[in-house]
Each structure stands twice: as C-alpha cells, then as structure tokens.
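Structure, as structure tokens:
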Amino acid sequence: MSTPFYVSPQQAMADRAEYARKGIARGRSVVVLQYTDGIVFVAENPSRSLHKISEIYDRIAFAAVGKYNEFENLRIGGVRYADLRGFTYDRADVTGRGLANVYAQTLGTIFSSAAEKPYEVELIVAEVGAAPEDDQIYRLPHDGSIVDEHGSLAVGGNSDQINSYLEQRHRDDMTLAEAVKLGKESLARDNNGGEREVTADQLEVALLDRTRVQQRKFKRVLGTQLQRLLGEDESTGGSSSSSSSGGDDTEESSEGGSEE
Amino acid sequence: MEANTRDTGRLPAAFLTPGSSSFMDFLSEHAPAVLPGSRPLPAVEGAVQAPHGTTIVAATYSGGVVLAGDRRATMGNVIAQRDIEKVFPADEYSAVGIAGTAGLAVEMVKLFQLELEHFEKVEGSTLSLEGKANRLSTMIRSNLGMALQGLAVVPVFAGYDVQHEKGRIFSYDVTGGRSEEVGFTAVGSGSVFARGSLKKLHRSDLTEEQVCTVALQALYDAADDDSATGGPDMTRKIYPTLTVISDEGCRKLSEEEVSALVRTMHEGRLQHPNGPQAPLT
Numbered sequence: 001m002s003t004p005f006y007v008s009p010q011q012a013m014a015d016r017a018e019y020a021r022k023g024i025a026r027g028r029s030v031v032v033l034q035y036t037d038g039i040v041f042v043a044e045n046p047s048r049s050l051h052k053i054s055e056i057y058d059r060i061a062f063a064a065v066g067k068y069n070e071f072e073n074l075r076i077g078g079v080r081y082a083d084l085r086g087f088t089y090d091r092a093d094v095t096g097r098g099l100a101n102v103y104a105q106t107l108g109t110i111f112s113s114a115a116e117k118p119y120e121v122e123l124i125v126a127e128v129g130a131a132p133e134d135d136q137i138y139r140l141p142h143d144g145s146i147v148d149e150h151g152s153l154a155v156g157g158n159s160d161q162i163n164s165y166l167e168q169r170h171r172d173d174m175t176l177a178e179a180v181k182l183g184k185e186s187l188a189r190d191n192n193g194g195e196r197e198v199t200a201d202q203l204e205v206a207l208l209d210r211t212r213v214q215q216r217k218f219k220r221v222l223g224t225q226l227q228r229l230l231g232e233d234e235s236t237g238g239s240s241s242s243s244s245s246g247g248d249d250t251e252e253s254s255e256g257g258s259e260e
Numbered sequence: 001m002e003a004n005t006r007d008t009g010r011l012p013a014a015f016l017t018p019g020s021s022s023f024m025d026f027l028s029e030h031a032p033a034v035l036p037g038s039r040p041l042p043a044v045e046g047a048v049q050a051p052h053g054t055t056i057v058a059a060t061y062s063g064g065v066v067l068a069g070d071r072r073a074t075m076g077n078v079i080a081q082r083d084i085e086k087v088f089p090a091d092e093y094s095a096v097g098i099a100g101t102a103g104l105a106v107e108m109v110k111l112f113q114l115e116l117e118h119f120e121k122v123e124g125s126t127l128s129l130e131g132k133a134n135r136l137s138t139m140i141r142s143n144l145g146m147a148l149q150g151l152a153v154v155p156v157f158a159g160y161d162v163q164h165e166k167g168r169i170f171s172y173d174v175t176g177g178r179s180e181e182v183g184f185t186a187v188g189s190g191s192v193f194a195r196g197s198l199k200k201l202h203r204s205d206l207t208e209e210q211v212c213t214v215a216l217q218a219l220y221d222a223a224d225d226d227s228a229t230g231g232p233d234m235t236r237k238i239y240p241t242l243t244v245i246s247d248e249g250c251r252k253l254s255e256e257e258v259s260a261l262v263r264t265m266h267e268g269r270l271q272h273p274n275g276p277q278a279p280l281t
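From first to last, the protein sequence lines stand for chains A and B.
All residue numbers for the first sequence refer to UniProt numbering, where the first residue is 1 and numbers rise by one.
All residue numbers for the second sequence refer to UniProt numbering, where the first residue is 1 and numbers rise by one.
Pasting the structure below:
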C-alpha cells in the first residue's frame, strides 16, 4: 500500500553488507595457520558431525563461518566443481585459485542481486603447495571480494581480536603442535580482551599436510592425537614446558609415519 | 563439458542444488555426455580391435586380500603393451582389477574411484564394502550396449571389510551381475588356468607373503597356457603387480618386493616347470 522510499545504491549495498556481517559475527571463529609441513585449520565447533572444515580436493581444503546451510551448499558445489574438472581434464588442473574465483563470482552475484538475500558466510579456500612458498590461502567475504592471505588469519565472530593476537605470535616455521596450540589460544580471546576456556573436545582441527604420502593431503586431527598436540595428556602436563613440547613433536612425527 | 561458468562465472544452479551424494547421479543430470554409459553407439560390423587386458587374480588371506595382475595387453594376436597396469586402488580399503577392453576399463575405474571419493567428501563417511560393490555393478550395467558390440569390461573388486574385519572378493559378469567369491577368483582370458592353479594352492590360513606367492604362481600358470597372458619378463624387469589390502589399507608392493618373490618362484620353476605340487589326498 505504501509508496516505496527511494534508497540510494550505496545505502542498499551498505544495508546488505551490514546484514551479512551481523550474521557472520554471531558464529564462532575459524583460524588458519601455515606451519612447516603445511596448513592447519582450527575451529571452535561443538558439533562432531557438522563440519566447518572440509576436504575439497587433493591439495585443497575449505573452511567457513556463518550460516551452516549456506556454506554447506557452497562446499558441495565446490566438491562437484573440483571433481568434474579433475575428471574432464586432470587432477593437476584443479587449483585453489580456480575454485576461489568461482566462489567469488558466486558470492558476488548473490550479493548484488536484488532478488536474493546475501549469503551470511565467510569462506577460506587453502591449497597446500610442494614447498611453503607455494601455499595459497584465500579469504572470501560475503560480498564476493577475494583476498590473498599469508601466514595466519581468522574469520568469524571475533576475528579482529584473534587476528591481532595471531599477528604478534605466528611464525612461518612453527611445528604442527605449536600451530595448533596457538590456534587454540587465539580462539580463547573474547571481545573484551579477556580469555575463555576452550578445551580439545570443543575444537575441530584438520590439516593439509604436504608430507603425506597419499595423493589426498587433507587429514582430520581427532581424539588422542589432538590432545597430544595440545599437550593435554596427563603425562606431559606440568613442569618443564620445553622438554614436553619437544616430546610432543617427536611423538607426532613418529605417529604420522606409522599411521598410514 | 566445461566444469564451470556459463556467463557469469558463478557456479551453475545444478552445482548448488541439494541432491544426491553420487557423482554419477550429478553427472547424469548436469553433464550426461561425460558419462560412459550414455554415449550413442554407432552400428559396427564385426568386432572392434582395441587393446585387451587379460588376467587378474584375487585371493584372500588371514589378514585381508590380495589382487594380482599380469602386465600384458593384447590386440588380436599382437602384444599391444608389455607393462600395462590393471589393478587400481579404488579407495583406502579397496581395489579393482580389470580385464577386457583396456580403454573403457580404465575410464570406468577412474569414474569409480571418483564416485567413492565424492561420496566420502560430501557425506563425511565412506560407503560400506557392499555399497561400493553395488556401485560398480551399476557402472558395468551401463556399459552393456558396448559390451554387446564386443567392448566388454569385466572387473574384479576386492577390499577389506572394516565392519566384518576380513578381506572380501566380488566378481562380475558383463551384465553387471555380482557374486561374492569365497577364497579366490580370477578373471580374463587366462582365468581358467589361474583358477585351476589357485584351487590347488590356496588355503584360508595363508600369510601375506604366502598369498602373494600363490597369486604369482597362478599368474605363471595362466601365462604358461594362455598366449594373451604375460609371464614375468625377467629380461626387462617387468613383473606382475601385487596389491595387498588389509586393515592398514591398500598397499601396492614395490618392484623390489615383487622381484624377490618372482625370483624365488622362478628358481623353483627351473627345477619343477609345472610349479608346486599339491598332496594327492
């Protein structure tokens, strides 16, 4: 009945962006860190089965925050894209950059189309290379822009605090155990600069490990292995931190070797 | 067909439509021309000449199952390839060996591997061994048109069943009919001879090394009597492939491991050309 008010394009876009950002900010964060042998993802996720981090293809993984049904849809689209491309050409022709571009186009079209509600998601597409300098990490915000990242980054609810925390502490030559611990500590930051308690069973951890023998480099870190990495094992808890963390590393590498 | 785009570069609607976890189902809706089974068949006179894979042997042992293949591909009476691979890992706990038209079989294996991997990625869990075996059935059935023109693909599927904790073997006919085999089986042109050999040598309590030797002996017997099956090529160092699947997953034996087993077997055959003898009673 009422006459629609004129809304300037700037205002319309700003409204849509604010809507999407608010949706994303409600969720818990995901952090991505490069370490010596690859890229590790750490997410706060109370669910065992609804994942925020997933495999897309041999060397490519996906992480997302925001609305589950929306990023799950994008994830499956990405798996279909990668599998079809690998089938029609070759497995080597599926690249993180290509996938990130397709996601950017998809998110961008949805964001600027008046007929659709903007997606309340922020994605990360990461590809592990043969050497650390070949690793690629792309961040894809809700509006379809695309940012090439290095080292470490966080997306989701509390990403500003977490990112500044990570920036000060992350090094490219971290071991896996150090990177996972840093990821966990960074997720424990809260809005007021304080700290919460985050335990291993609230975490979803996965990695792209370039040293894996298999063609598929993605691997979830679960249960006892995760606790060992975090140093939550009773035997290593306590006194000498340097020796216990050294013990973690050797244990981890021997386990990685024998496991497959 | 191109994987992406149309005009805008965004994922086509079909990619974002919730639906089946099967890659083949997705292809049949979005890009049916890519699927082997949906190609139009031209009328042909007589049999099409194309390289054929020959003999595959599968046998269970106490800890799992082994798949072994000779290396020869033939086209009529010509050896088309001396070092073809006919056994492929399908996923972590299963493998498929192929006999029949090599080109089609390799394509089928590629699609089958992708089907299992796709399901695993989308669902976050793996198919049961029965589920995988049934999926392969469907794929063979979709090739029936070509099979009737002489381009048949006959695989054998073997895997470690993590639920029942044992190795299992499934064989197929050209129409996709599936049957589970107890202990051992063989497919391909040399299979009759290989099966006879396996029947005399195979026991259920073999170790991994013993079952590998049994498989090699069976392939040797097949090559002995079937001209299309290749024996171990000692001069060129081309040996049969051995793939062992146990609770630790799928492992292809290295060339050194296979050559050691082959050389031991060869020594024995120099003394007894017909190979080991089973007791009379």
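Quick reminder that beta carbons are idealized off the backbone N, C-alpha and C, glycines included.
Using 10 angstroms around the beta-carbon of residue i, count the other beta-carbons present and answer buried if the total reaches 16, otherwise exposed.
i, result
"residue 199(B)", "exposed"
"residue 226(B)", "buried"
"residue 55(B)", "buried"
"residue 75(B)", "exposed"
"residue 79(B)", "exposed"
"residue 212(A)", "buried"
"residue 144(A)", "buried"
"residue 240(B)", "buried"
"residue 197(B)", "buried"
"residue 279(B)", "exposed"
"residue 102(A)", "buried"
"residue 232(B)", "buried"
"residue 118(A)", "buried"
"residue 91(B)", "buried"
Look at the alpha carbon of residue i and the alpha carbon of residue j, and state the distance between them as a whole number of angstroms.
i, j, result
"residue 122(A)", "residue 116(B)", "29 Å"
"residue 129(B)", "residue 263(B)", "35 Å"
"residue 18(A)", "residue 29(B)", "37 Å"
"residue 104(A)", "residue 147(A)", "10 Å"
"residue 283(B)", "residue 123(B)", "This structure cannot settle anything about residue 283(B), because the visible part of chain B is limited to 1 through 281."
"residue 154(B)", "residue 57(B)", "13 Å"
"residue 156(B)", "residue 194(B)", "14 Å"
"residue 252(A)", "residue 221(A)", "Low per-residue confidence applies at residue 252(A): pLDDT is 40, beneath 50, and the placement is therefore not dependable enough to give any value."
"residue 20(A)", "residue 169(A)", "30 Å"
"residue 69(A)", "residue 59(A)", "24 Å"
"residue 126(A)", "residue 158(B)", "34 Å"
"residue 218(A)", "residue 208(A)", "5 Å"
"residue 191(B)", "residue 216(B)", "13 Å"
"residue 70(B)", "residue 110(B)", "20 Å"
"residue 129(A)", "residue 62(A)", "15 Å"
"residue 67(A)", "residue 160(B)", "38 Å"
"residue 224(B)", "residue 113(B)", "33 Å"
"residue 99(A)", "residue 85(A)", "10 Å"
"residue 45(B)", "residue 13(B)", "43 Å"
"residue 191(A)", "residue 27(B)", "46 Å"
"residue 202(B)", "residue 277(B)", "12 Å"
"residue 136(A)", "residue 183(A)", "19 Å"
"residue 174(A)", "residue 231(A)", "16 Å"
Considering only DSSP beta bridges, list what residue i is partnered with.
i, result
"residue 44(A)", "203(A)"
"residue 152(A)", "33(A)"
"residue 244(B)", "66(B), 251(B)"
"residue 179(B)", "171(B)"
"residue 219(A)", "207(A)"
"residue 101(B)", "52(B)"
"residue 139(A)", "124(A), 147(A)"
"residue 94(B)", "91(B), 159(B)"
"residue 55(A)", "61(A)"
"residue 38(A)", "35(A), 209(A)"
For residue i, go through chain B and note every residue whose CB falls closer than 7 Å to its CB, in chain order.
i, result
"residue 41(A)", "None at all; the shortest Cβ gap to chain B is about 15 Å."
"residue 79(A)", "118, 121, 122"
"residue 83(A)", "23, 114, 118"
"residue 170(A)", "By Cβ distance, chain B contributes nothing, its closest Cβ being about 29 Å from residue 170(A), past 7 Å."
"residue 106(A)", "10, 11"
Please list, in chain order, the chain A residues whose beta carbon lies closer than 9 Å to that of residue i.
i, result
"residue 31(B)", "84, 88"
List the residues of chain A whose Cβ lies closer than 7 Å to the Cβ of residue i, in chain order.
i, result
"residue 15(B)", "77, 80, 81"
By the criterion of Cβ-Cβ separation under 8 Å, what are the contact partners of residue i in chain B?
i, result
"residue 55(A)", "121"
Can you pull the chain B residues whose beta carbon is under 9 Å from the beta carbon of residue i, in chain order?
i, result
"residue 45(A)", "By Cβ distance, chain B contributes nothing, its closest Cβ being about 13 Å from residue 45(A), past 9 Å."
Name, please, each residue of chain A whose Cβ falls closer than 8 Å to the Cβ of residue i.
i, result
"residue 36(B)", "Ordered by position in chain A, no residue passes the 8 Å Cβ test against residue 36(B), which lies about 11 Å from the chain."
Note to self: Could you check whether the region 28-38 of chain A touches the region 175-190 of chain A, counting it as contact only if at least three pairs of C-beta atoms, one from each stretch, sit closer than 8 Å?
What the structure shows: Inter-segment contact for the region 28-38 of chain A and the region 175-190 of chain A is present: three or more beta-carbon pairs are separated by less than 8 Å.
Check: So, do the region 131-138 of chain B and the region 86-95 of chain A have three or more beta carbon pairs nearer to each other than 8 Å?
Finding: Result no; under three Cβ-Cβ pairs closer than 8 Å.
Checklist line | the region 207-220 of chain B / the region 62-73 of chain B touching (three or more Cβ pairs under 8 Å) | finding: Because the criterion of three Cβ pairs below 8 Å is met, the region 207-220 of chain B and the region 62-73 of chain B touch.
Next item on the list: Tell me, please, whether the region 34-41 of chain B touches the region 174-185 of chain B by the rule of three or more beta-carbon pairs shorter than 8 Å.
Entry: Contact between the region 34-41 of chain B and the region 174-185 of chain B is absent, because fewer than three Cβ pairs lie under 8 Å.
Notebook entry, point to check: How do the region 37-49 of chain A and the region 99-114 of chain A stand: do at least 3 beta-carbon pairs fall below 8 Å, yes or no?
Noted result: Too few Cβ pairs lie closer than 8 Å, so no.
Checklist line | Stretch-stretch touch, CB-based, cutoff 8 Å, three pairs: the region 156-170 of chain A with the region 135-143 of chain A | finding: No: the two stretches stay apart, fewer than three of their Cβ pairs being nearer than 8 Å.
Notebook entry, point to check: Pairing CB atoms from the region 233-250 of chain B with CB atoms from the region 91-102 of chain B, are three or more of them under 8 Å?
Noted result: Contact between the region 233-250 of chain B and the region 91-102 of chain B is present, with at least three C-beta pairs closer than 8 Å.
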